[in-house]
Amino acid sequence: MQTNSPEHSNLHECTVDSKIKRSLAAISVAVSEDLELQSVFQRVSDELAVLVKYDHLTVSSVQEDDDQQWQAFSIGVEFTAPEYKTKKSDGTDTWSGRSLGARPRGKFGTAMKDAGLNSLIEVPLGTQASGHIGFLTMMNRDENAYNDNDLSLVAQVAAQVTPAIQNAMSHEQALELAESREKQSLLEAKSIELQRVNEAKSSFLAMVSHELRTPLTSISAYTDLLERNRTGNLSEKQVRQLGVVKRNSAHLSRLISDLLDISKIESPEFTLTKADFDLSEVVSDLVESLEPLVKAKEQRITADIVEGIKLIADKQKITQVISNLIENAVKYSPGVSDITVTTSLYGGDAKIVISDTGFGISADDQEQIFEAFFRSRTEENWEVPGTGLGLALVKRIISMHGGTVTLDSTIGVGSNFTILLPVLTATAEETTEQQNSDSEQRTAEDRAEATILARRKAMAELTEQDAAARPPLAKPTPPPKLPTATTVAPKPSRRQQPYRVKTSGEAERLEHHPQPCLH
């Protein structure tokens with residue numbers, strides 16, 4: 000029978016130590032050659048399998064800004080560890096030593112039992128003083144599969160690979176940071192470009208709208224003059240044609256106004272002129288003023304108004320919003336239909352609901368209905384002329400007041416537009432300051448119009464000065480009056496009666512002055 004001599008035992012220990020040292024050296028070289036975190040974990044698990052048998056290995060990580068432990072790498076039998084906090088309420092680690100032995104109690108032990116695992120070794124990555132960056136856990140199906148030597152060996156491996164894991168984690172964080180900065184730079188560049196394009200669009204809209212309004216004012220003014228001509232001068236066909244011109248001029252005027260409003264609201268210089276007013280008065284006046292439009296289509300409009308709802312808001316803009324929604328209800332509803340306007344208090348907000356029994360809007364179109372230039376794609380709605388700007392203006396004006404506007408609509412049943420506006424309070428001093436500040440704001444169109452008026456005034460003054468400087472003409476002696484003839488006063492020609500076209504579409508007679516010669 001062969002006995003184990005001391006020399007044989009020492010030889011075996013030396014062989015084991017040599018094997019361990021070679022494995023540790025191999026692990027050290029392996030993890031130092033790679034900065035990809037998952038590759039580091041994979042090579043550590045491969046080398047550990049040579050030293051300590053396991054059926055499951057997990058490397059869990061703990062982020063500095065998170066006290067939850069999460070699984071960064073796993074190999075072997077499928078096992079999902081339950082989440083648990085790694086720090087106490089005072090910031091210290093809940094566990095600072097090593098685990099060795101059989102399956103523990105609690106949720107972790109239950110999870111091991113479900114996976115058929117019965118033995119455990121767990122050691123920290125990093126030190127207690129500097130903080131643990133994670134844990135290395137090995138499990139085995141056999142009971143009591145590990146001893147203190149195994150625990151010490153795994154601890155050595157953990158200590159050796161921790162710097163490499165930290166380097167790999169730092170490398171990944173640096174890559175993520177660089178990628179994040181690159182994305183942020185791209186987003187900032189796109190944001191600057193979008194802002195530039197948006198400003199160019201707003202300037203273009205303001206310029207085009209102003210240039211269109213000038214000739215349109217003349218068209219509207221002369222159309223009004225022709226309509227006021229003496230009876231019989233125009234045929235019935237010509238009167239109808241003038242009506243077409245007038246209606247289309249009014250439609251074009253509304254389109255220009257919408258374009259100007261869009262460009263103004265998008266301008267950073269735009270502010271709301273807030274004042275204290277009664278909502279019920281605004282709604283009552285609108286319903287009364289729009290009643291002829293409703294009756295023209297044989298529709299019915301009713302108002303259910305709660306008195307005494309006070310708002311501090313831009314009265315002109317709120318009036319524009321409600322008017323826009325009522326006019327839409329009239330346009331997009333058939334004849335002999337009902338339109339209802341209600342106001343009430345809802346949770347401290349002013350609630351305005353405009354309801355109709357019109358064509359309705361599909362669910363898909365409702366998602367885009369408040370976007371500029373979008374129109375509902377149903378056949379009935381497309382037959383009604385429109386620009387797709389009205390509801391976009393409604394949305395933006397209400398949003399600037401801190402309110403909301405929503406739509407509930409069904410095809411063939413009708414639509415309900417609901418506006419919620421905060422019922423605000425402010426001191427008289429704050430309101431006065433706001434009004435003074437707003438009165439000083441002038442848009443590009445206002446400044447352009449003021450410049451044109453100033454030039455016209457200067458031209459008129461120059462004309463008057465030129466006329467005053469000229470010597471008076473000698474008054475001619477009238478010819479002798481014949482007894483048999485009747486003297487008829489000459490009728491002034493139309494050239495001697497020039498008209499200045501007013502922006503309101505009317506014209507007024509001006510005193511004739513000779514125009515100066517410009518050199």
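Numbering that gives the first Met the number 0 applies: residue 0 is where the sequence shown begins, and numbers increase by one. A virtual CB, placed ideally from N, CA and C, is assigned to each residue, including glycine. Note that the coordinates shown come from a computational prediction; the quantities given were computed from them, not determined experimentally.
Thinking C-beta only, is I360 closer than 7 Å to S408?
-> yes
Using CA coordinates, which residue listed in Q155, L56, L152 is at the minimum distance from A114?
-> Scanning Q155, L56, L152 for the CA closest to the CA of A114 turns up L56.
Under 8 Å by Cβ, that's how I've got F372 and L388 pegged, so tell me the actual separation to the nearest angstrom.
-> The C-beta separation of F372 from L388 comes to about 7 Å, placing the pair in contact by the 8 Å criterion.
Between the segment 193 to 206 and the segment 151 to 169, do at least 3 Cβ pairs fall closer than 8 Å?
-> no
Could you tell me if R441 is buried or exposed, where buried requires 16 or more neighbouring beta carbons within 10 angstroms of its beta carbon?
-> Unreliable placement is indicated for R441, whose pLDDT of 46 sits below 50; the coordinate value is still reported in the next sentence. Burial call: exposed.
Could you check the C-alpha separation between L241 and S288 for me, to the nearest Å?
-> Going by the C-alpha atoms only, they are around 24 Å apart.
Looking only at C-alpha atoms, which of T270, L344, G334 sits nearest to F358?
-> G334
Fully enclosed by the segment 369 to 427, which beta strand (DSSP E) runs are 3 residues long or longer?
-> 403 to 409, 413 to 421
If we ignore side chains and look at the alpha-carbon of each, how far apart do S283 and V340 end up?
-> 10 Å
Of all the options A362, N247, I264, L225, which has the alpha carbon lying nearest to the alpha carbon of E601?
-> Residue 601 lies beyond the residue range present for the chain, which begins at 0 and ends at 518; the question has no answer from this structure.
Best match in L310, K200, L271, E297 for proximity to S279 [C-alpha to C-alpha] = Out of L310, K200, L271, E297, L310 has the C-alpha closest to the C-alpha of S279.
State the start and end residues of the unbroken alpha helix (DSSP H) segment that holds A48.
-> 36 to 50
Return the chain-ordered list of same chain residues with a C-beta closer than 8 Å to the C-beta of A71, the five sequence neighbours on each side being excluded.
-> L36, F40, V58, S59, S60, G133
Bridge partners - I304, DSSP secondary structure assignment | In the DSSP output, where bridge partners are listed per residue, I304 has none listed.
Nearest to D345 (by Cα), restricted to the options K189, T222, L420, R42 = In the sequence as displayed, the identity of residue 345 is Tyr instead of Asp. Nearest option by C-alpha distance: L420.
Could you tell me which residues DSSP pairs with K273 in its beta bridges?
-> Its beta-bridge partners are D313.
Assuming L392 contacts I353 under a Cβ cut-off of 8 Å, what Cβ separation, rounded to an integer in Å, is found between them?
-> In fact, because the Cβ distance is near 15 Å, the residues do not count as touching under 8 Å.
Going by alpha carbons, who is nearest to R212 out of A101, H250, L124?
-> H250
Provide the residue span of the beta strand (DSSP E) that contains G133, from first to last.
-> G133 -> beta strand (DSSP E) spans 133 to 139.
Nearest to G401 (by Cα), restricted to the options S118, P384, A349, F203 = A349
Just the Cα atoms here: how many angstroms apart are K314 and D277?
-> 9 Å
Distance, Cα to Cα, A24 vs L174?
-> 29 Å
Taking 7 Å as the cut-off, decide whether the C-beta atoms of S118 and Y145 are in contact.
-> yes
Whose C-alpha, out of E181, P123, R180, M168, is nearest the C-alpha of Q155?
-> P123
Using DSSP bridges, identify the partner residues of K200.
-> DSSP output for K200 lists no bridge partner at all.
For K106, which residues from the same chain have a beta carbon less than 7 Å from its beta carbon, with the 5 sequence-adjacent residues on both sides left out?
-> P81
Taking all protein chains shown into account, do 16 or more other C-beta atoms lie within 10 angstroms of the C-beta of Q298, making it buried, or fewer, making it exposed?
-> Classification of Q298: buried, given that the 10 Å Cβ count is 16 or more.
Going straight from the alpha carbon of I317 to that of G385, what length do you get?
-> 21 Å
Determine the burial state of A362: buried for a count of at least 16 other Cβ atoms within 10 Å of its Cβ, exposed for fewer.
-> Exposed, by the Cβ-count rule.
Output the boundary residues of the beta strand (DSSP E) element that contains D113.
-> It is not in any beta strand (DSSP E) - D113 instead sits in the alpha helix (DSSP H) that spans 105 to 114.
So, helix, strand or coil for S492, using DSSP?
-> Note that S492 scores 39 on pLDDT, short of 50, meaning its location in the model is unreliable; the coordinates nonetheless yield the value given after this. DSSP, reduced to helix, strand and coil, places S492 outside both helices and strands of the structure shown, so it counts as coil.
Could you check the C-alpha separation between I19 and E181 for me, to the nearest Å?
-> 45 Å
Mind checking who F72 pairs with in its DSSP beta bridge?
-> Per DSSP, V58.
Reducing DSSP to helix, strand and coil, say where P214 ends up.
-> helix
Would the beta-carbon of I120 fall within 7 Å of that of V153?
-> yes
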